[in-house]
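Novice:
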Ligand SMILES: Cc1ncc(COP(=O)(O)O)c(C=O)c1O
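In our numbering, the protein residues as written are 3 to 475.
1. Can you give the Cα-Cα distance for residue 439 and residue 91, rounded to whole angstroms?
2. Please name the residue, chosen from 377, 312, 307, that lies closest to residue 341 on a Cα-to-Cα basis.
3. Round the Cβ separation of residue 313 and residue 168 to the nearest angstrom and send it over; I've been treating them as touching at under 8 angstroms.
4. Return yes when the C-beta of residue 110 is under 6 angstroms from any heavy atom of ligand 1, and no when it is not.
5. Determine the burial state of residue 10: buried for a count of at least 16 other Cβ atoms within 10 Å of its Cβ, exposed for fewer.
6. Looking at C-beta atoms only, is the number of pairs between the segment 202–216 and the segment 296–306 that lie closer than 8 angstroms three or more?
7. Write down every uninterrupted run of the alpha helix (DSSP H) in the segment 318–358 whose length is 4 residues or greater and which is fully enclosed by it, in chain order.
8. Between the segment 205–214 and the segment 46–64, can you find at least three pairs of beta-carbon atoms closer than 8 angstroms?
9. Would you say the beta carbon of residue 137 is closer than 6 angstroms to some non-hydrogen atom of ligand 1?
10. Give me whichever residues DSSP pairs with residue 461 in a beta bridge.
11. Could you compute how far the alpha carbon of residue 442 sits from the alpha carbon of residue 424?
12. Can we say the segment 100–107 touches the segment 219–235, given the rule of at least three CB pairs closer than 8 angstroms?
13. Residue 155 and residue 95 - do their beta-carbons sit closer together than 7 angstroms?
14. With a threshold of 6 angstroms (Cβ to nearest heavy atom), would residue 205 be considered close to ligand 1?
15. Near residue 426, which residues of its chain fall below 8 angstroms by C-beta distance, leaving aside the five closest residues on each side in sequence?
16. For residue 194, which option in 232, 18, 267 has the closest C-alpha, if you only look at C-alpha atoms?
17. State the CB to CB distance for the pair residue 356 and residue 27, rounded to an integer number of angstroms; the pair is presumed to be in contact (CB under 8 angstroms).
18. Going by DSSP, what residue range makes up the beta strand (DSSP E) through residue 160?
19. Any heavy atom of ligand 2 closer than 6 angstroms to the beta-carbon of residue 82?
20. Given this structure, state the Cα-to-Cα distance separating residue 344 from residue 21, to the nearest angstrom.
21. Would residue 329 be called buried (16 or more neighbouring beta carbons within 10 Å of its own) or exposed?
22. What is the C-beta distance between residue 137 and residue 418, in whole angstroms, given that I count them as a contact (C-beta under 8 angstroms)?
23. In chain order, what residues of the same chain have a beta carbon less than 6 angstroms from the beta carbon of residue 211, not counting five sequence neighbours either side?
24. What are the start and end residues of each continuous beta strand (DSSP E) run of 3 or more residues lying completely inside the segment 121–191, in chain order?
25. Can you list, in chain order, the residues of its chain whose CB lies under 8 angstroms from that of residue 45, leaving out five sequence neighbours each side?
26. Could you please give the first and the last residue of the uninterrupted beta strand (DSSP E) stretch that includes residue 472?
27. Contact check, residue 231 vs residue 71 under 8 angstroms by CB: the rounded distance?
28. To the nearest angstrom, how far is it from the Cα of residue 145 to the Cα of residue 365?
29. Given 6 angstroms as the limit, tell me if residue 316 has its C-beta closer than that to any heavy atom belonging to ligand 1.
30. How big is the Cα-Cα spacing for residue 2 and residue 25?
31. Can you give me the C-alpha to C-alpha distance between residue 422 and residue 157, rounded to a whole angstrom?
32. Taking the beta carbon of residue 466 as the centre, do at least 16 other beta carbons fall within 10 Å, making it buried, or is it exposed?
33. Between residue 405 and residue 327, what straight-line distance do the alpha-carbon atoms span, to the nearest angstrom?
34. Just to confirm my understanding: we take residue 397, look at its own chain, exclude 5 residues before and 5 after, and list those with CB closer than 7 angstroms. What are they?
35. DSSP three-state label for residue 57, please.
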């Protein structure tokens, strides 16, 4: 039989590297040995309830999850936070509503803009030029945007981001409250936060109206499983928002949701309620030790990274800046892979490792050992000594994301794109903030910035083979 994907998976797990990436269950380490997982792959049979109209065990499991994550209502998602972001934007907003959106949000938010038909009011996150790292929107920057757009319906935020950086959610909530605006939070990377007092607060603890969490990223849950929550704050719109969310949730989920995924959401919640605090304490201890050891090698583990716009850092996220060793993050990732460890992601300067309650002490021992071997030899220092130009301008918006989505596109060379309307996000990676978003006018200044960065060897996203970009016809 020709089964290329099955074969690729079999090959991968036959010499599986130590997983410092999602899913958070890390090869199923914390799952109980049920008789057969495949037998549990069932459908809406008697006694098994129905996600589209839950009234039995699914309702009970969602209610327990709402209690654990301190929300009014929880909806199980079987297509990741991506679908949850779509549901929450379609629930909270109506076509044409103005919504404040940081330009470094996840692409699921772009999808949410198309589906909900909102009109984005873009705001730049702060940017750490030395580290080439976008952070978050500061409360002061938000005040300025709201001054110009006091009739916006709400804002979408990320907490924490991929790098574990958390915005000042409570302050932002207070500002939004003054204008009766909704706060929607993409907490895809923060499902574990509520289970340990030494971690930054979860969106639910900061008064979010709606928030989503990818259980599969940081909890022992299967890939694609995620929670969507409706807030506990009494905000007048509470019940109406819950009813609308239930309606949109039904619209956007499969009528045959996987019972394995839903069961793993139930299991992850129960596990974290029972063991989460203790296991997270142990994980934080392992990470404290690991950071100390890596610090001795001269690796910046960013644990004390702070900036005014940040509330704090999720210390379960291990970010290693290897640039002072003369390696790019990409090279270090490759070297660690050869040493039997797989990280989640790398960028030019850094490695990013996702850690969870399923990690073991010996994994961290192997990691420090591999880093010791790697960094005893210096790489080719100073490869990217020149700083890229990353301006903070926001281009003129000619069409809404939905209007831009509906238009026909063509591909043309980047250098000829001046004066045309962007059809697909284009930007420099890192830092990964789009310079132009769909519907925006490609002006000469921004275009030159991209071409200059490219000439210096930076990677541009949204630029296809032959240096072609998608443009509205
Ligand atoms: C910040 C952020 N939001 C949302 C998502 C989408 O989550 P999911 O993969 O569960 O659909 C991701 C995925 O990586 C993410 O990094």
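Cβ atoms here follow ideal geometry from the backbone N, Cα and C, with glycine treated the same way.
Specialist: With the given structure in hand:
1. For the purposes of this step, residue 439 is taken as residue 437 along the chain shown, with counting starting at 1. For the purposes of this step, residue 91 is taken as residue 89 along the chain shown, with counting starting at 1. The alpha-carbon atoms of residue 439 and residue 91 are separated by roughly 19 angstroms.
2. Locating residue 341 in the chain shown gives position 339, where the first residue counts as 1. Out of 377, 312, 307, 377 has the C-alpha closest to the C-alpha of residue 341.
3. To locate residue 313, count along the chain shown from 1; it is residue 311. To locate residue 168, count along the chain shown from 1; it is residue 166. Correct: roughly 5 angstroms between the Cβ atoms.
4. Position 108 of the chain shown, counted from the first residue, corresponds to residue 110. Answer for residue 110: yes, Cβ within range of ligand 1.
5. By 1-based counting over the chain shown, the position of residue 10 is 8. Residue 10 comes out exposed.
6. no
7. 331–340
8. no
9. Taking the first residue of the chain shown as 1, we reach residue 137 at position 135. No, ligand 1 has no heavy atom inside 6 angstroms of this Cβ.
10. Here residue 461 is taken as the residue at index 459 of the chain shown, counted from 1. 431, per the DSSP bridge assignment.
11. Here residue 442 is taken as the residue at index 440 of the chain shown, counted from 1. Here residue 424 is taken as the residue at index 422 of the chain shown, counted from 1. Their backbone Cα atoms lie some 5 angstroms apart in a straight line.
12. no
13. Here residue 95 is taken as the residue at index 93 of the chain shown, counted from 1. Here residue 155 is taken as the residue at index 153 of the chain shown, counted from 1. Their beta carbons are under 7 angstroms apart, which means residue 95 touches residue 155 by this criterion.
14. Position 203 of the chain shown holds residue 205. Every heavy atom of ligand 1 is 6 angstroms or more from the Cβ of residue 205, so no.
15. Numbered from 1 along the chain shown, position 424 holds the residue referred to as residue 426. Excluding positions up to five away in sequence, the list reads 411, 440, 464, 471, 472.
16. In the chain shown, counting from the first residue as 1, residue 194 sits at position 192. Checking every option, the nearest Cα to that of residue 194 belongs to 267.
17. Counted from its first residue, the chain shown places residue 356 at position 354. Counted from its first residue, the chain shown places residue 27 at position 25. Contact flag wrong, Cβ pair sits at about 12 angstroms.
18. Taking the chain shown and counting its residues from 1, the one referred to as residue 160 is at position 158. Unbroken beta strand (DSSP E) run through residue 160: 156–160.
19. Ligand 2 is absent from the structure shown, which contains only ligand 1.
20. On the chain shown, residue 344 is found 342 positions in, with the first residue counted as 1. On the chain shown, residue 21 is found 19 positions in, with the first residue counted as 1. Distance between the alpha carbons of residue 344 and residue 21 is about 5 angstroms.
21. In the chain shown, the residue the question calls residue 329 occupies position 327. Answer is buried; the Cβ neighbour count reaches 16.
22. As a working mapping, residue 137 is identified with position 135 in the chain shown. As a working mapping, residue 418 is identified with position 416 in the chain shown. At roughly 34 angstroms, the Cβ-Cβ gap does not stay under 8 angstroms, so residue 137 and residue 418 are not in contact.
23. Here residue 211 refers to the residue found at position 209 when the chain shown is read from its first residue. Only 184, 185, 233 meet the Cβ criterion.
24. 121–125, 156–160, 167–169, 184–188
25. Translated into the one-based positions of the chain shown, residue 45 becomes position 43. The answer, listed in chain order, is 258, 261.
26. Taking the chain shown and counting its residues from 1, one reaches residue 472 at position 470. Taken as a continuous stretch (DSSP letters only), the beta strand (DSSP E) holding residue 472 covers 470–474.
27. Sequence index remark: in the chain shown, residue 231 carries index 229 (1-based). Sequence index remark: in the chain shown, residue 71 carries index 69 (1-based). About 6 angstroms; that satisfies the 8 angstroms criterion.
28. Walking along the chain shown from the start, residue 145 turns up at place 143. Walking along the chain shown from the start, residue 365 turns up at place 363. Approximately 44 angstroms between the Cα atoms of the pair.
29. Translated into the one-based positions of the chain shown, residue 316 becomes position 314. It does not: the Cβ of residue 316 is nowhere closer than 6 angstroms to a heavy atom of ligand 1.
30. Any property of residue 2 remains undetermined from this structure, which presents the chain solely from 3 to 475.
31. Taking the first residue of the chain shown as 1, we reach residue 422 at position 420. Taking the first residue of the chain shown as 1, we reach residue 157 at position 155. Each residue's Cα considered, the two are about 28 angstroms apart.
32. Here residue 466 refers to the residue found at position 464 of the chain shown. The residue in question, residue 466, is exposed, as its Cβ has fewer than 16 Cβ neighbours within 10 Å.
33. Here the question's residue 405 lines up with position 403 in the chain shown. Here the question's residue 327 lines up with position 325 in the chain shown. For residue 405 and residue 327, the distance between alpha carbons rounds to 47 angstroms.
34. In the chain shown, the residue the question calls residue 397 occupies position 395. Result list for residue 397: 438, 442, 443, 445, 448, in chain order.
35. Translated into the one-based positions of the chain shown, residue 57 becomes position 55. DSSP places residue 57 in coil when its eight states are reduced to three.
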